[in-house]
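Residue numbers (UniProt numbering): 1 to 383.
Quick look at the structure:
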């Protein structure tokens with residue numbers, strides 16, 4: 001026996017339907033929305049009015065200036081009231097940003113600091129101060145927080161950071177250590193970097209995003225959706241073994257990719273302390289720097305070969321330090337891919353640098369809440 005659809009459930013669905021169409025194709029008139037959604041004009045008019053009153057939509061004026069008769073008024077997503085907070089704890093920095101509903105970054109902060117070996121509670125207290133500063137700025141601007149997401153550099157399952165060897169953390173409910181006016185959810189930073197790239201970067205519907213930090217992670221996007229794996233732990237590219245006799249890794253294995261291509265490994269091999277210094281050395285054709293990046297590129301190419309053979313990838317986006325190093329890193333990695341994949345596939349996947357740089361994960365974190373709001377605005381009453 002079928003169950004009747006409750007009026008409030010139908011209204012919630014229709015609010016999400018209208019808001020989603022505006023997100024995809026704004027500016028739109030009420031008449032255009034009625035045609036796109038299949039809803040009656042009177043229903044659309046009521047829904048749009050409710051969304052405008054709640055601060056989700058804003059009217060922008062006549063759709064066609066100079067049109068005879070009464071022109072329709074277009075609506076767009078409003079960035080004036082609803083916002084989300086994206087936060088990140090990485091090995092050598094803390095970061096956060098406030099993103100409004102229109103997808104505009106309103107405020108952002110980043111603190112460079114070494115978090116290795118520090119107790120989670122201590123690190124999260126520092127992140128709390130960063131978040132409090134961002135929330136104060138958002139409140140002063142009249143923004144209401146719809147939600148928050150925290151990015152962490154390790155696999156996450158059921159709200160638990162299972163393991164972050166580079167931080168020295170294991171089985172940590174990191175989001176529970178923050179005190180914010182909305183619930184905080186936890187997610188892997190590479191997954192969020194992939195979503196950031198999907199929503200705010202290149203926007204390809206299918207690609208592998210590789211996060212090149214001190215650790216190396218990956219996020220796989222298929223059909224414009226994040227692939228998480230059976231337990232949400234997919235993407236640990238940094239611990240793909242590229243040499244069984246290689247150096248020891250913090251995870252306990254030997255020869256993992258990040259022991260060759262992780263930020264710390266590359267900088268040490270090049271004899272420099274920062275990525276900026278490494279780029280300068282590469283631009284000057286410094287032999288040691290060139291050798292260090294070539295070795296990292298070869299290891300990265302080997303790991304990506306396994307990923308391509310397994311997943312049949314056509315596009316790989318390189319983020320983190322791989323972005324500024326792309327000019328020198330990509331040719332050598334592509335050469336390895338061509339040698340190993342060319343005879344089988346006849347072609348190699350396209351390698352591209354991330355367009356977002358170091359902001360990918362925090363943008364993906366903040367964007368996660370925004371996309372939840374767009375899908376179900378009725379669940380996010382403006383505070």
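Think of the CB as a built atom: it goes at the ideal place given N, C-alpha and C, for glycine as much as any other residue.
- Secondary structure of residue 180 (DSSP, three-state): coil.
- Annotation for residue 193: the continuous alpha helix (DSSP H) segment containing it runs 189 to 200.
- The beta carbon of residue 168 is closer than 7 Å to those of 116 and 117 in its chain, skipping five residues each way along the sequence.
- Nearest Cα to residue 236 within the set 121, 199, 153 and 361: 153.
- Close CB contacts of residue 253 within its chain, under the 6 Å cut and outside five residues either way in sequence, are absent.
- When only Cα atoms are considered, residue 257 and residue 267 end up about 15 Å apart.
- Contact between residue 192 and residue 175 is ruled out by a C-beta separation of about 13 Å, above the 8 Å threshold.
- Contact check for residue 44 against residue 18 passes: the beta carbons are separated by less than 8 Å.
- Counting the other Cβ atoms within 10 Å of the Cβ of residue 139 gives fewer than 16, which makes it exposed.
- When secondary structure is reduced to three states using DSSP, residue 112 falls in the strand class.
- A straight line joining the alpha-carbon of residue 137 with that of residue 212 spans about 31 Å.
- The alpha-carbon of residue 243 is positioned some 12 Å away from that of residue 249.
- By the neighbour-count definition (other C-beta atoms within 10 Å, threshold 16), residue 171 is an exposed residue.
- For residue 206, no alpha helix (DSSP H) segment is defined, and its DSSP state is neither H nor E.
- The way I'd put it, the stretch 159 to 168 doesn't touch the stretch 312 to 331; fewer than three beta-carbon pairs between them come closer than 8 Å.
- When DSSP reads this structure, residue 169 sits in a beta bridge with 164.
- Inter-segment contact for the stretch 333 to 351 and the stretch 363 to 370 is absent: fewer than three beta-carbon pairs are separated by less than 8 Å.
- Judged by DSSP in its simplified three-state form, residue 374 adopts helix.
- When secondary structure is reduced to three states using DSSP, residue 242 falls in the coil class, being assigned neither helix nor strand.
- Residue pairing by DSSP places residue 95 opposite 88 and 110 in a beta bridge.
- When the beta-carbon positions are compared, residue 255 and residue 241 come within less than 8 Å of each other.
- Leaving aside the five residues that flank residue 380 on each side, the residues in its chain whose CB is nearer than 8 Å to its CB run, in chain order, 82, 146, 147, 372 and 373.
- Rounded to the nearest angstrom, the gap between the Cα atoms of residue 14 and residue 103 is 22 Å.
- Contact between the stretch 280 to 292 and the stretch 308 to 323 is absent: fewer than three C-beta pairs spanning the two stretches fall below 8 Å.
- Annotation for residue 119: no beta strand (DSSP E) segment contains it, and DSSP assigns it neither H nor E.
- Ranked by Cα distance from residue 183, the first of 357, 86 and 196 is 86.
- In terms of Cα proximity to residue 121, the closest of 89, 323 and 239 is 89.
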